[in-house]
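S.K.:
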Amino acid sequence: MKALEKIEYDRYLKGEKLPHFRSLSGIELKEFYTHDDSLQDLPNPGVFPFTRGIYKDMYRGRLWTRRPQSGFGLPAESNQRILYLLSKGMTGLNIDFDVATKLGLDPDHPLAEGETGLQGTSVATLEDMDILFKGIPLDKVSTTLIVNAPYSAIIMAMYLLLAHKRQIEISSLIGTNMNCAITQLVGPTFQSGTHFFPVEPAIKIACDVMEYCINNIPRWNIININSRNIRETGVNAIQEIAFAFSLALDYVRSLLARGLEIDHFAPRIAFFSCIHIDFLEEIAKLRAMRRIWAHLMKDTFGAKNPRSCWLKIAIQTSSLPLTAQQPLNNIVRATIQTLAAILGGSQSIHTTSYDEGYSLPTEESHVLGIRTQQIIAYETGVCRTADPLGGSYAIEKLTSEIEERALALMEIIEKKGGFLECFKSGWIESQINEARYEYARQLESGELIQIGINMEREEDEEFKINIFRHSSDMQEKRIQYIRAFKQHRNATNVNKTLKKLYLQVKENPYGNWFPAIIDAVDQEATIGEISDTLRQAHNFTVHY
Amino acid sequence: MKNRKRILIGKIGLDGHDNGIRIISKWLADSGFEVIYLGLYNTTEGIVRATIEENPDLIGCSFLGGGHLHYCKKLLDLLRQHDLEDKKLIVGGVIPPDDVTELKSMGVSAIFTTGTMRDPIIQKIKELVEA
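The listed protein sequences correspond, in order, to chains A and B. So the number in my numbering is just where the residue sits in the first sequence, counting from 1, plus 32. Residue 15 in my numbering sits at position 17 of the second sequence; the count goes up by one each step and never skips.
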């Protein structure tokens, strides 16, 4: 408790003031906004350019999908958590894999030694995938597979083969493969995008998977441009949009260069964005994103199908505003962030747990995220009409300002040769680092306030919080599993299929390599073996 | 500047979250330290190799993914094996309270969990390198 002499009576009498009136992205807000500030022409929800939402009836037609990420430890442990969450109100799967899996390393690889199962579940074989989805009808749920290219090809192959094994038509599958080679791990930082696989072949393989899915799985989202992870590096909302869309345009051009039609694949491109704590700016951001994307698809690429112009946004509320200090405050923050995601018109939401500053969520904190969404949906009434904030002078003005600034930055990136060029040249990396330093500077100076950090901080804070703990023997179990698995399969078939994949890459550089990857998984090659084959075919070695 | 204290900064293992090491490296450089930035994806053996080559005054490692106990134990053991136990190790990142205690008893000199402000970090590091 505060000592009595520290109570600042003066401050209370004078009235408290904010340190400034700038948004997180540096937009200076006016004292108030009027009719003159807002856009005159504001088409209805469900009408191009979809600023007010992609559907006319929005959440009256259907609520967003409650799609919390889950995944840890052994596939069987994750399976239990998934089934538990489904029983508690989760309406879509969002499966996270551990970093070794996401880097194409088997659990017995020396680099996986201390990593297996930590930040996601460990999956190396088709058998693992079967265990992960035990008791889950693949044709009755929509599933997001959180894995980056090129390893997304291997995980996708497992998912397709699992459906086949269970006699489910792959054309009936609904879901999303994150499938981005640059943003999916931890955002577009240079080292994370280049250390384990050469970036251009990774993008090529991502496009191979996309092409296959477009032709064979009509309701599958072929890529999820991960603007959330871009944002979580510390950049602002303007940079988040500009980086994500510039990257998306690189993918769109790659697919067009394969001879695919824009209206054939654009409806299957999805976005995964973040909601930071700046309530008005983040709502305006989602609205601005929809408007920019719709115009890009129609005006730049000549899309004729309205669905090509739909920006479908999945959200995970940002972790950056959450604090390890006074962790219960995070429940309040995440609730406000979730409300912004809903008022911004998103299609699926993961409400980040209040224990984020310590570990993966416990069962209790995971369910609390689901309940947060249900309370907003069913109790607050905000879903009774589409885009309830539409027409607000401040929101419409912010939407336009964010749109203008993001377009200006996209133009700069375009002039520098596009996102991929900017990534390779290190320009993106330097922009990210500058943004991080600025974010930290503002926290230090008090321009940016975080309760519990630089305001109302309690030194020697004591609190009770349940923290998730991994099972102690999971890493050893995974190593034993993968060794036994490799001993008990037909080694000749594995070698043959890997050789075939190697030759396919070497001799057919413009062909689609995904079918050969599917064959390799089917012949019981592991994720590490397939990844190594792809690396060898590109004369690439992982240094450690 | 003469006699600048040298600090080796890096992440061990496969976790790629580098916000922390980027910001701390900037703060250290601004405070007059020489930062040897090892970035992501180091092994414990690699950190020891760099310690031998660079002879830093302090080693700083950051963790977010939950690998801190495993890697710190391994690193401290390796440093001892190479007679480098005088090289102090500091750790930053997402570390649950019980693990802070365990890391300290293992021999980690200071632990800065998320939300620690710049000044207390720099002050503690100055104390450690002057000691």
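Note that the Cβ used here is the ideal one computed from N, Cα and C, for glycine as well. These numbers were taken from a predicted model, which means no experiment stands behind them.
Looking at C-beta atoms only, is the number of pairs between the region 211 to 223 of chain A and the region 7 to 17 of chain B that lie closer than 8 Å three or more?
M.R.: Yes, the region 211 to 223 of chain A is in contact with the region 7 to 17 of chain B.
S.K.: Have a look at 390(A), 144(A), 261(A), 442(A) and flag the residue whose alpha-carbon is nearest the alpha-carbon of residue 358(A).
M.R.: 390(A)
S.K.: Within its chain, find whatever has a CB closer than 7 Å to the CB of residue 33(A); leave out the 5 residues flanking it on each side and keep chain order.
M.R.: The pLDDT assigned to residue 33(A) is 49, lower than 50, so where the model puts this residue is not dependable, and the model offers no usable value.
S.K.: My assumption, with CB atoms under 8 Å, is that residue 361(A) sits in contact with residue 484(A). Please give the rounded CB distance.
M.R.: 6 Å
S.K.: Touch check for the region 287 to 304 of chain A and the region 42 to 61 of chain A: three-plus C-beta pairs under 8 Å?
M.R.: no
S.K.: With a cut-off of 8 Å, do at least 3 Cβ pairs link the region 174 to 186 of chain A to the region 115 to 131 of chain A?
M.R.: The answer is yes - the region 115 to 131 of chain A touches the region 174 to 186 of chain A, with three or more Cβ pairs under 8 Å.
S.K.: How is the beta strand (DSSP E) around residue 32(B) delimited, first residue to last?
M.R.: Note, residue 32(B): beta strand (DSSP E), 32 to 40.
S.K.: Please list, in chain order, the chain A residues whose beta carbon lies closer than 7 Å to that of residue 24(B).
M.R.: Near residue 24(B) (Cβ distances below 7 Å), the residues of chain A are 469.
S.K.: Can you give me the C-alpha to C-alpha distance between residue 78(A) and residue 10(B), rounded to a whole angstrom?
M.R.: Cα to Cα, the separation comes out at about 48 Å.
S.K.: Evaluate the contact criterion for the region 495 to 502 of chain A versus the region 377 to 392 of chain A: three or more CB pairs, one atom per stretch, below 8 Å.
M.R.: yes
S.K.: Cβ atoms of residue 255(A) and residue 301(A): under 9 Å apart, would you say?
M.R.: yes
S.K.: In angstroms with no decimal places, state the Cα-to-Cα distance between residue 380(A) and residue 126(B).
M.R.: 48 Å
S.K.: Can you give me the start and stop residues for the alpha helix (DSSP H) that residue 296(A) sits inside?
M.R.: That run of the alpha helix (DSSP H) goes 294 to 297.
S.K.: So which residues on chain B does residue 265(A) lean against when the C-beta distance must stay under 8 Å?
M.R.: 17
S.K.: Please check the pair residue 269(A) and residue 57(A), which I expect to be a contact at CB under 8 Å, by giving their CB distance rounded to whole angstroms.
M.R.: 5 Å
S.K.: Closer than 9 Å, CB to CB, is residue 14(B) near chain A or not?
M.R.: yes
S.K.: Who are the neighbours of residue 131(A) on chain B, taking C-beta pairs under 9 Å?
M.R.: 11, 12, 13, 14, 63, listed in chain order.
S.K.: Report the rounded CA-to-CA distance for residue 467(A) versus residue 199(A), giving the unit in angstroms.
M.R.: 50 Å
S.K.: So, does the CB of residue 6(B) fall closer than 9 Å to a CB anywhere in chain A?
M.R.: With 9 Å as the cut-off, residue 6(B) does not count as an interface residue toward chain A.
S.K.: Can you tell me where the alpha helix (DSSP H) holding residue 320(A) begins and where it ends?
M.R.: 311 to 327 is the extent of the alpha helix (DSSP H) around residue 320(A).
S.K.: In chain A, which residues lie with their C-beta within 8 Å of the C-beta of residue 74(B)?
M.R.: Under the 8 Å cutoff, chain A gives no residues; its nearest Cβ is about 14 Å from residue 74(B).
S.K.: Is it right to say residue 141(A) is buried, meaning 16 or more other beta carbons lie within 10 angstroms of its own, or is it exposed?
M.R.: buried
S.K.: Taking only beta carbons into account, state which residues of the region 373 to 390 of chain A come closer than 7 Å to chain D, listed in chain order.
M.R.: The structure shown contains no chain D; its protein chains are A and B.
S.K.: Counting only the same chain and skipping the five closest in sequence on each side, list residues whose C-beta sits under 8 Å from that of residue 27(A).
M.R.: Outside the modelled stretch of chain A, which goes from 33 to 576, sits residue 27(A), for which no answer is possible.
S.K.: Across the region 272 to 280 of chain A and the region 447 to 454 of chain A, are there enough close Cβ pairs to call them in contact, namely three or more that are closer than 8 Å?
M.R.: yes
S.K.: Alpha carbons only, please: which of 4(B), 27(B), 6(B) is nearest the one belonging to residue 116(B)?
M.R.: 27(B)
S.K.: How about residue 30(B): is its C-beta nearer than 9 Å to some C-beta of chain A?
M.R.: no
S.K.: So, are the CB atoms of residue 510(A) and residue 106(A) less than 9 Å apart?
M.R.: yes
S.K.: Between which two residues does the beta strand (DSSP E) holding residue 29(B) run?
M.R.: Run containing residue 29(B): none; DSSP gives neither H nor E here.
S.K.: Could you check whether the Cβ of residue 89(B) sits closer than 9 Å to any Cβ belonging to chain A?
M.R.: no
S.K.: DSSP state of residue 102(A), grouped into three classes?
M.R.: strand
S.K.: Measure the Cβ-Cβ separation of residue 53(B) and residue 8(B) and say whether it is below 9 Å.
M.R.: Against a cut-off of 9 Å, the Cβ pair of residue 8(B) and residue 53(B) comes out as no contact.
S.K.: Along chain B, which residues have their Cβ under 7 Å away from the Cβ of residue 499(A)?
M.R.: 94
S.K.: Applying the criterion that 16 or more other CB atoms from any shown protein chain within 10 Å of the CB defines a buried residue, is residue 538(A) buried or exposed?
M.R.: By the neighbour-count criterion, in which a residue is buried when 16 or more other Cβ atoms sit within 10 angstroms of its Cβ, residue 538(A) is exposed.
S.K.: So, using beta-carbon positions, are residue 63(B) and residue 131(A) closer together than 9 Å?
M.R.: yes
S.K.: Which residue marks the beginning of the beta strand (DSSP E) containing residue 274(A), and which one marks its end?
M.R.: Unbroken run through residue 274(A) is the alpha helix (DSSP H), 269 to 289; no beta strand (DSSP E).
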